[in-house]
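Note sheet for the following structure.
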Amino acid sequence: MPFAMHVALVLDTHLSVVGAGHTLTHLVPELQKSGTRASSQFDIQFPRIQWSMQQLLCAARTGGKLVLRHRESGLMLSGTISCSRTQAKGSAPTSDDLLLTFLGTPYIFSFRDLKVVILWKG
Numbered sequence: 002m003p004f005a006m007h008v009a010l011v012l013d014t015h016l017s018v019v020g021a022g023h024t025l026t027h028l029v030p031e032l033q034k035s036g037t038r039a040s041s042q043f044d045i046q047f048p049r050i051q052w053s054m055q056q057l058l059c060a061a062r063t064g065g066k067l068v069l070r071h072r073e074s075g076l077m078l079s080g081t082i083s084c085s086r087t088q089a090k091g092s093a094p095t096s097d098d099l100l101l102t103f104l105g106t107p108y109i110f111s112f113r114d115l116k117v118v119i120l121w122k123g
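Under the numbering used here, the letters of the sequence shown match residues 2 to 123, in that order.
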């Protein structure tokens, strides 16, 4: 069952975290450190893909559904991933101009999951 709390994660082309919402940084303080890789904190549960820019771009183009599992707490996050460009006006686009944004919500499957979410909200 989805929980009425949203999470956000923004990744660069190296799949390093360049932005994360308050909820995620509260749970995973490492996301505030420069260069933190999303793959060091989360596993992709659905679709069955690896942490690669090519596979995540393909997922974004085909509906964007993504389910992440936080490694430490086990909490599942279900949402969508989308791609955007950050290039300056008038400049030629490069692959480094791409950003991936995951917007999701925790999935509560048990009382343990609910306890994790309540602790998140502090």
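Idealized CB from N, CA, C, for every residue including glycine. All values derive from a computational prediction rather than experimental measurement.
Phe110 carries a coil assignment under DSSP once its states are collapsed to helix, strand and coil.
In the three-state DSSP reduction, Thr24 falls in the helix class (H, G or I). If the five residues before and after His7 are omitted, its C-beta is found closer than 6 Å to the C-beta atoms of Thr106, all from its own chain and listed in chain order. 8 Å or more divides the Cβ of Leu76 from the Cβ of Gln46.
Of the residues Ile50, Thr37, Val29 and Gly22, the one whose Cα lies closest to the Cα of Gly65 is Ile50. A Cβ-Cβ separation of about 5 Å places Thr102 in contact with Ser83 under the 8 Å criterion. Cβ-Cβ distances below 6 Å link Ala9 to Gly22 and Leu104 in the same chain, with the five nearest sequence neighbours on each side left out; the list follows chain order.
Straight-line measurement puts the Cα of Ala39 at about 10 Å from the Cα of Asp13. Taking C-alpha positions only, Thr37 is separated from Glu31 by approximately 7 Å. By the criterion of a C-beta distance shorter than 6 Å, Met54 is surrounded in its chain by Thr14, once the five residues flanking it on both sides are discounted.
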